[in-house]
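>
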Amino acid sequence: MGTVISNERLTDGVYHLNVEGDYGGRIGQFYMLRAWGAYPILSRPVSIHAVNDNGIEFLYHVVGEGTELLSRLEQGDAIGLEGPFGNGFPEVEGRVALVGGGIGIAPLLYCARELPNCDVYLGFSREPFRTEEFRSHAAKLTVDVGGLILDSVDFSEYDHVFVCGPHPMLKAAQLKGISAESAGSKTNVYLSLENRMACGIGACLVCSVSCRDGQRKACTDGPVFLAEEVLFHD
Ligand SMILES: Cc1cc2nc3c(=O)[nH]c(=O)nc-3n(C[C@H](O)[C@H](O)[C@H](O)COP(=O)(O)OP(=O)(O)OC[C@H]3O[C@@H](n4cnc5c(N)ncnc54)[C@H](O)[C@@H]3O)c2cc1C
Ligand code: FES
């Protein structure tokens, strides 16, 4: 159990949660959060947004019952945290771009803090949030509102591109990676797939991901996959 330090509403439906306790993890890993009793039955997966001296931070968007209950948390409330889970982004060297769309920026602040000199690209359909927190960690920060943030990224400039965002953005990033490769660049594109999950620990197969080598689990084999491994069916 952790204790809520703060749970601030940033913009419409987006909250920044700071929890006290001895929590950590690698970049791109996630925790299963629970701020209720027996119902809803399942805890909810949320990425590590940042780790600080007092605890751990999350950034979440209210989309349903679980996240709505999280949004009601106040300073001093107890919250259940299990984790960290998942593989996370790999440790890499060379030039790195972090590309986030909407609430997909959540895992990238921790990446920006851990990976010096990365370029950061953040895209929003409406009002941006948490962009200033990236500024001091990014070699270059690009923020787009209302457009397609991937249009601002030249994949061939980077050895590694980490992407988190909505499904169409992940597919587009995969295609950009393929184009960059066929033009001769050696860019590794990593996608964080925030699939629906149930158990979060590899037991239920709800989070199944189609990959070139068969079905894999987003919760234990992922959530981070090399883009070229993933088969998008829609
Ligand atoms: C590894 C991982 C990391 C994540 N990190 C974050 C994060 O940092 N911040 C954040 O805001 N969210 C994150 N998510 C998504 C978050 O877990 C879901 O939004 C949350 O579980 C929804 O719970 P709910 O009870 O509010 O909504 P529900 O009542 O369960 O669902 C409400 C609606 O949202 C849809 N939905 C629920 N979960 C997902 C999902 N995973 N993908 C697409 N649609 C979904 C449902 O289909 C339904 O339409 C992450 C998911 C995964 C798997
Ligand atoms: S969520 Fe149960 S196997 Fe991944």
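Numbering (our numbering), first residue to last: 129 to 362. Glycine residues also receive a C-beta, built at the ideal position from the N, C-alpha and C atoms. Every value quoted in this text rests on a predicted model; they were computed, and no experiment measured them.
1. Whole angstroms are fine: how far does the CA of Gly204 sit from the CA of Ala308?
2. Please classify His288: is it buried, with 16 or more other beta-carbons within 10 angstroms of its beta-carbon, or exposed?
3. Could I get the ranges of all uninterrupted alpha helix (DSSP H) runs contained in the segment 316-361, with 4 residues as the minimum, in chain order?
4. Of all residues in the structure, which have a C-beta closer than 7 Å to any heavy atom of ligand 2, taken in chain order?
5. Gly293 and Gly228 look like a contact to me (Cβ under 8 Å); what is the Cβ gap, rounded to whole Å?
6. Going by the beta-carbon positions, is the gap between Cys246 and Ala266 smaller than 8 Å?
7. Can you say whether Thr139 is buried or exposed, counting buried as having 16 or more other CB atoms within 10 angstroms of its CB?
8. Compare the beta carbon distance of Arg154 and Pro212 with 8 Å and say whether it is the shorter of the two.
9. Mind checking who Arg162 pairs with in its DSSP beta bridge?
10. I'd like to confirm the pairing. Which residues does DSSP put opposite Asn367 in its beta bridges?
11. Among Cys332, Val358, Ala326 and Lys304, which one has its Cα closest to the Cα of Asp279?
12. From this set, Met160, Glu255, Gly251 and Ser284, which residue's C-alpha is nearest Tyr210's C-alpha?
13. Rounded to the nearest angstrom, how far is the Cβ of Tyr318 from that of Pro218, given a contact under 8 Å?
14. How many angstroms separate the CA atom of His177 from the CA atom of Leu237?
15. Evaluate Lys268 with the Cβ neighbour count: other Cβ atoms within 10 Å of its Cβ, from every protein chain shown; 16 or more gives buried, anything less gives exposed.
16. So the alpha helix (DSSP H) His295 belongs to, where does it begin and stop?
17. Does DSSP put Leu226 in a helix, a strand or coil?
18. How would you write the range of the alpha helix (DSSP H) that Gly194 sits in, first residue to last?
19. Please classify Leu145 as buried or exposed, where buried requires at least 16 neighbouring CB atoms within 10 angstroms.
20. Spatial neighbours of Gly216 within its chain, please: C-beta separation below 8 Å, excluding the five flanking residues on both sides.
Checking against the coordinates, here is how it stands:
1. As a working mapping, residue 308 is identified with position 180 in the sequence shown. As a working mapping, residue 204 is identified with position 76 in the sequence shown. Those two C-alpha atoms are separated by around 49 Å.
2. For the purposes of this step, residue 288 is identified with residue 160 of the sequence shown, where counting begins at 1. It counts as buried.
3. none
4. Met325, Ala326, Cys327, Gly328, Ile329, Gly330, Ala331, Cys332, Leu333, Val334, Cys335, Lys345, Ala346, Cys347 and Thr348
5. Position 165 of the sequence shown, counting from 1, holds the residue named residue 293. Position 100 of the sequence shown, counting from 1, holds the residue named residue 228. Indeed they touch by this definition, with Cβ atoms about 6 Å apart.
6. Numbered from 1 along the sequence shown, position 118 holds the residue referred to as residue 246. Numbered from 1 along the sequence shown, position 138 holds the residue referred to as residue 266. Yes, they are a contact pair.
7. Numbered from 1 along the sequence shown, position 11 holds the residue referred to as residue 139. It counts as exposed.
8. In the sequence shown, counting from the first residue as 1, residue 154 sits at position 26. In the sequence shown, counting from the first residue as 1, residue 212 sits at position 84. Yes. Within cutoff.
9. Here residue 162 is taken as the residue at index 34 of the sequence shown, counted from 1. In DSSP, Arg162 forms a bridge with Gly208.
10. Outside the displayed range of the chain (129 to 362) lies residue 367, so it cannot be described from this structure.
11. Working through the sequence shown from its first residue, we reach residue 279 at position 151. Cα-wise, what sits closest to Asp279 is Lys304.
12. Counting from one through the sequence shown, the residue named residue 210 turns up at place 82. What sits at residue 210 in the sequence shown is Glu, not Tyr. Ranking Met160, Glu255, Gly251 and Ser284 by Cα distance to Glu210 puts Met160 first.
13. Here residue 318 refers to the residue found at position 190 when the sequence shown is read from its first residue. Here residue 218 refers to the residue found at position 90 when the sequence shown is read from its first residue. Sure, about 7 Å apart at Cβ, within 8 Å.
14. Here residue 177 is taken as the residue at index 49 of the sequence shown, counted from 1. Here residue 237 is taken as the residue at index 109 of the sequence shown, counted from 1. About 6 Å.
15. Residue 268 sits at position 140 when you count from the first residue of the sequence shown. So Lys268 counts as exposed.
16. Locating residue 295 in the sequence shown gives position 167, counting from the first residue. Note, His295: alpha helix (DSSP H), His295 to Ser310.
17. Locating residue 226 in the sequence shown gives position 98, where the first residue counts as 1. Leu226 falls in the strand class under three-state DSSP.
18. In the sequence shown, counting from the first residue as 1, residue 194 sits at position 66. First-last of the alpha helix (DSSP H) with Gly194: Glu193 to Ser199.
19. Counting from 1 along the sequence shown, the entry for residue 145 is found at position 17. Buried, because 16 or more other Cβ atoms sit within 10 Å of the Cβ of Leu145.
20. Here the question's residue 216 lines up with position 88 in the sequence shown. Same-chain partners within the cutoff: Gly153, Arg154, Ile155, Gly156, Gln157 and Val352.
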